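For reference, the structure is listed below as structure tokens.
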Amino acid sequence: MTFTRVLSGVVVGLCLLLMVLFSLLFTQVGNQWLWGIAKQQVAGLDGTLASGQLGEGWHFTELSYEQDSLAFSARDINVGWQLGKLLDRRLWLQELVAEDLEITIKYFPESPDDPKEPLAEITPPLRIDLDKVRADRVTINLPGQTIAWQSVEVGVHWDKEGMVITGPNMSGLVINLDAEDATKQAGNTLDEQPESEKQAQAQKQAKAAGKVASPEPLFVLPEIVLPFPIKLQEFSLTDSKLIQNGEIQALHALQLELEGRGSEIKIITASLDHELATVKLGGHVTLTGDYPLDLALTSTVKKPLLDGQLAGQTVAATLTDTLAKLKGKLVLGGVLKAQASLSAEPLNPQLPFDLALNWQQLGWPFNEPEWRLEQGKLRLKGRLEAYKLTLSSEAHGPDLPPVGIKLSANGDLKGAEIEPLTLMLPKGEVQVDGKISWSDGINWQGILALSDVDPGAFVEGMDGKLNGKLDTRFALQGEKWTLNAEPNINGFLRDYPLSLKGQVSLNQALQGSIKQLQLTNADNKLTVNGDITDHWQLDGVLSAPNLAVYAPGLYGDLAGDIKVRGALKSPELSAELTGKTAGFNDNEAKDIRLQANASLGDKATGQQMKGDLRLTIDRIRSGEMRIDKLQLIGSGNEAAHRLSLNFKGEPLAADLNLTGSLGKDGWRGRLTKGELNTPLDKWALQQDWQLAYQGDTFNAQPHCWRSGKASVCFDAIRASAEKGQAGLQIRDLDLARLKPFFPNDFSWEATLGGTVALQWNGKLPKINANISTTPGTFVSNGTRLAYQTLSLTSEMSNNQLRSTLDFRSTKLGEMGVQANVADLNGKRALSGNLKIAQLKLDWLAPLLPEVARLQGTLAGQGRFEGTLAAPLLFGNISLTGGEIDTYSDMVKVRDFTTRLDIRGTEATINGQLKVGGGPLYISGELDWRQLPVSGEIRLKGHDLEAGYPGMGRVRVNPDMTITLGEVAKVRGRILIPWARIEVKELPDSAVSLSSDVIIVQPSGIIPETAPSLPVDIRIQVQLLEDVRLEAFGLKTRLEGKLNIVQRPNRAMRGTGEIRLVDGKFKAYGQNLLIREGSILFSGPLDVPNLKVVAIRNPSTMSDSSITVGVRVTGTAQQPELLVFSEPGMPQAEQLSYLLRGRGLDGGGDTDGNALVQSMLLGAGVGKVGGVVSDIGESLGLKDVAVDTGGSGDDTEVNITAYVLPGLQIGYGVGVFSSIGELRLRYELLPRLYLQAASGLNQAIDLFYRFEF
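Residue 372 in our numbering sits at position 174 of the sequence shown; the count goes up by one each step and never skips.
Spelled out as structure tokens, the structure:
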């Protein structure tokens, strides 16, 4: 009975215990009671168990835990699992979800240094499934850094086959590193010495003990074996950031899949998408033995890197073999193209290696390189204790010739020996030999040697040949350094001897000495000598009597002394330089004198900088500008200084005074005087202009410049690189001041005014401009043409530009232009319109050279499209009633009408006009989508008449085509049906310099080059039946054809023949008949070949059966004249028939004297005619001419000139008699003359001239 009771009690007790345990573990109330007990027993634990029990999981809210080094809090945690699955040997966690989780680790505890044995293979006793583990909005605070993410989710399945991890999938990861605090509270591990420092310290201790360290053994890699197979799949990381030192680096995406079994790790895929590049990695590695591996990496660079210079650059790298004998390859593609190979033994303490790098081109900037290394090879082979470096390449740079580079060097851990570095120049080479060490500071000792180096390869015009060497020694110990240099260079520069010799030594305190440092070039010499100790004692002497040796176009002289004195920290500089003349090309200065003294002061003692400056130049010439008596004077110290500038000259003169002070808050100044004499009259500063420069900001107070009633006022200026503002106001500027810039027959009566406002704030500036004139008048050739409106407005804001030009006149017409540019930072889209209404062109005549009268009306309309870089215009412009007269009366244009139809970047032109009464038709097409403009212009006309004063007039029938493009082409034919060419004298432009003339200026010799045009011309010119020439005694009709050809940038050439028909030629005092005459062209137009036969008129011969004349051959520049006769006879007899018309047997001595006098007359009149003409014109006479008249015994010399228009005076005297005759002729009408003559007889005659 007792046993039964006991047994019953035990059973009941067990049941009650089970019931209590069940109620505690598997009911919510029981779990909450246990949670309360746990919070009481565990210090720092807090939170609420909202629901749940052991069998299915729990839901916690506001859960937190805190201890010395760790703090944890979570707003919400859900744990869901199935306890019953343990009976099936399965641990099944359905979900573990945490929200708003924050973990703080204050420091890391010290970890033991004892090595751990590799983990043995682990097989789980049951299957473990973690279906869903998720943490949202998590922050982890670590010493010196913060890690946070928005969401992470992972699943894990582990059984006897191994572990499979799906995920984690993480988004919004942000790692914030604080560089200053990263080392604080990081535990004792931060106090450990790096292994490299320990090794270095051990080596020093061994060396101090006199021990020699034995070679270190090869490093043995630990064997790593995974305790179970593992597979990571679908790992992803998106939208991540790393923040360090205020810089943000974004990682857009990271994906990873890998497998591991035993010691083998296989990377199936690993890809990274960073804002700078994308990277992909694949391969495998075995973590036993020497770690065999095979890895491949590819990468593509994105645009943000280096402002997009490396966009699209590709990198492909491989690592193979083992870590003991590693092999690698690298291939760069894209902007940088290079290949590299590497073999190394990383486990060997001596680190044997062999690196080879080859490249086709390396340059900077990368995308459009200006500096380039081409066809390069680099080889670095050996080990840390002994390696050899070789390099070969070719360097290119802007305005530099190719430079070959070869380098050979041997080195170790302590230093290297260069033997040698050679730079191979187009002419000569530079070689550097030396030694450098870095074991105990940095020490260098070497020689730079020049061998026939031509500096002209680097600086144009500085041709020469330099030889010599530069010995250098340099040592750096901490912050202390010393430098010694001894140049010894000799050679020639621009054909003048050059030498540089001396000794220079300096240290970090700039103490040292300069011993006989002398640069000599021809007669020019610069010498520097002295010591720098606690005080400066340097002297420089410059003597340069011939500056022309230094640069083409430079000339003049300069001489003076330069001295540096004073304490080391407050040097004092004095200089005095003088020069009689100094110039460059067309710029020249005379009588230059510079005197300057400056003390740099000493901030430590509060001594301020001070000095004085005086520069005077007697005369400056630059193009059309002349400056006289320029004087620049400055003096003072930092607290108070002043500067004055004044000069006289044309077209500008100035008198300016400036005062200022420099303090801790920057520089402040005041322009106290300002007077300018300009082509727009005299301007004076109305009040002091206050200036200031503080930090990077420039400030200026408002000020005005005034000239009479006109003023130009500037608003306050505040400007820096980031932001600023400025403004301008123009008031009452009389445009009559522009008279010096206009022709004499043109003036502009109006008053100009306007405002301009400018602002910027790190973006595109804001600009508002309004410029307009009062109603005004253009005075053109005495005609007053009034207008009512002329204004220009422009506004730039909000990334847009809007501009409007408006012109309105009741007499001249109207023109308006509206142009808008949108998206100034981007496409710069263009829009707007153009309108021209009855715009008269009459007033433009004085502004056009050689145009005496201009008429016509322009009308048109159009719209703008496209972009600012590629503008488009759609519309039309037409000209009606066009007329043009020139001062020279060369051509008269009437009824000029044309129309231009524009379609974007294309246009067609059609028009017609009359030139001298003949019609000319114009048509064509133009295209300017790509420059230069392409298209075709066609010209066709009939009886176009033109003339040249003093040369005659011509009528032409052109039929030509002008093709535009890279090379303009002119093709066609010109017919000349009629011409009257009368040449009395050649214009100055027709007289060219002799081929042996050399023009010399102070800057050197200027070569004469023949002008040429970049056009391709092929034109045929044909002279028809009514072309007549009268020039220098020649009267003839011209016929023939001439083909004119010119290749681009080549001299014009001609082929063809011009025939002289029915011509007469006055020579030797006689009128000769041209029996045969040809001008042959076969080359340059200015050197035709002559073939002319001129005979004496048979009717003036005593024997008409005899023919005598002159045969002209050779070129126009060097003609050859030969007297001939038919039948042949002695030369004296030929000359007698040519000059007198009869032979020598016609008389005695009188005839012989007459022959001699005729010969002298014929040879001399042509020689003195030009001289007499020049003398007569200097006396006020016009068209002075010397000629011969009559024949035989009646031969006479005549001189004629015009006293007034239409009134001619002449005097003639007989050659074989002393009777003279004075003639006075007055032109009553064209071809009708009244002449009075007084000589042996007096007469008044009326003449009318006929032409046949």
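Here a beta-carbon is modelled for each residue, glycine too, at the ideal position from N, C-alpha and C. These figures come from a predicted structure and were not determined experimentally.
Check, Outcome
"Uninterrupted beta strand (DSSP E) stretches inside the segment 1040-1121 (no shorter than 3 residues)", "1049-1064, 1069-1084, 1090-1102 and 1104-1113"
"Alpha carbon of ASP800 to alpha carbon of ALA749, nearest angstrom", "39 Å"
"Assigned secondary structure, ALA377 (DSSP; H/G/I helix, E/B strand, else coil)", "In this predicted model, ALA377 has a pLDDT of only 38, less than 50, meaning its place in the structure is not dependable; the value taken from the coordinates is given anyway. In the structure shown, ALA377 sits in coil (DSSP, three-state: anything other than H, G, I, E or B)."
"Of the residues LYS778, LEU553 and ASP932, the one placed nearest ASP789, counting alpha carbons only", "LYS778"
"Per DSSP, the bridge partner or partners of LEU594", "The residue asked about is misnamed: residue 594 is His in this sequence, not Leu. According to DSSP, which records beta bridges pairwise, HIS594 is partnered with ARG570."
"Proximity of TYR1424 and GLY1404 at Cβ, strictly below 8 Å", "yes"
"Cα-Cα separation between LEU1438 and GLY1116, rounded to whole angstroms", "52 Å"
"Spatial distance of ASN546 from GLU583 (CA atoms)", "12 Å"
"Nearest candidate by alpha-carbon position, reference LEU854, set ALA838, TRP881, LYS862 and LEU860", "TRP881"
"VAL1019 beta carbon less than 8 Å from that of LEU1028", "yes"
"Same chain only: Cβ atoms within 6 Å of LEU452, ignoring 5 sequence neighbours per side", "LEU435 and LEU470"
"GLN1433, enclosing beta strand (DSSP E) - first and last residue", "1430-1436"
"Sequence-distant residues of its chain with Cβ nearer than 6 Å to LEU294 (five each side left out)", "VAL277 and VAL331"
"Exposure of GLN884, with buried meaning 16 or more beta-carbon neighbours within 10 Å", "exposed"
"GLY234, enclosing alpha helix (DSSP H) - first and last residue", "226-239"
"Cross-strand partners of GLY561 (DSSP beta bridge)", "ARG570"
"Close beta carbons around GLY1346, own chain, < 8 Å, minus the five adjacent residues each side", "Here GLY1346 scores only 44 on pLDDT, less than 50, and its place in the model is too uncertain to base an answer on."
"Proximity winner among SER1303, GLU1255 and SER1300, relative to LYS1288 (alpha-carbon distances)", "The question names Lys, but residue 1288 in the sequence shown is Leu. Comparing Cα positions, the closest option is GLU1255."
"Limits of the alpha helix (DSSP H) - the one that LEU1337 falls within", "1329-1338"
"Residues bridged to SER1323 (per DSSP)", "VAL1306"
"Distance between ASP1224 and TRP1176 (C-alpha atoms, nearest Å)", "5 Å"
"Nearest neighbour of LEU578, chosen from HIS733, GLY506, GLY531 and ALA554 [CA to CA]", "ALA554"
"Unbroken beta strand (DSSP E) run spanning ILE320, endpoints", "Segment: none, ILE320 is in no beta strand (DSSP E) and carries neither H nor E."
"Where MET1250 falls: helix, strand or coil (DSSP)", "coil"
"Contact under 8 Å by Cβ, GLU1143 with GLU1134", "no"
"Length of the line joining the Cα atoms of LEU933 and PHE944", "12 Å"
"Chain-order list of residues whose beta-carbon lies under 6 Å from that of LEU430 (same chain, five-residue window excluded)", "ILE363 and LEU456"
"Residue range of the unbroken beta strand (DSSP E) whose run includes LEU530", "524-531"
"Cβ-Cβ separation, THR1096 to LEU1071 (assumed contact under 8 Å), whole Å", "That belief does not hold up - the Cβ atoms of LEU1071 and THR1096 are roughly 17 Å apart, past 8 Å."
"Between the CA atoms of GLY644 and GLY689 - distance to the nearest angstrom", "22 Å"
"Entirely enclosed beta strand (DSSP E) segments - the segment 785-835, minimum 3 residues", "785-797, 808-820 and 823-835"
"Separation of THR588 from LYS667, as counted between CA atoms", "24 Å"
"Through-space distance from GLN706 to PRO567, alpha-carbon basis", "36 Å"
"Bridge-paired residues (DSSP) for VAL354", "LEU328 and ILE363"
"Three-state class that DSSP yields for ARG1457 in the structure shown", "The structure shown does not extend to residue 1457, since the chain spans only 199 to 1450, so no value can be given for it."
"Three-state secondary structure (DSSP) of ASP286", "helix"
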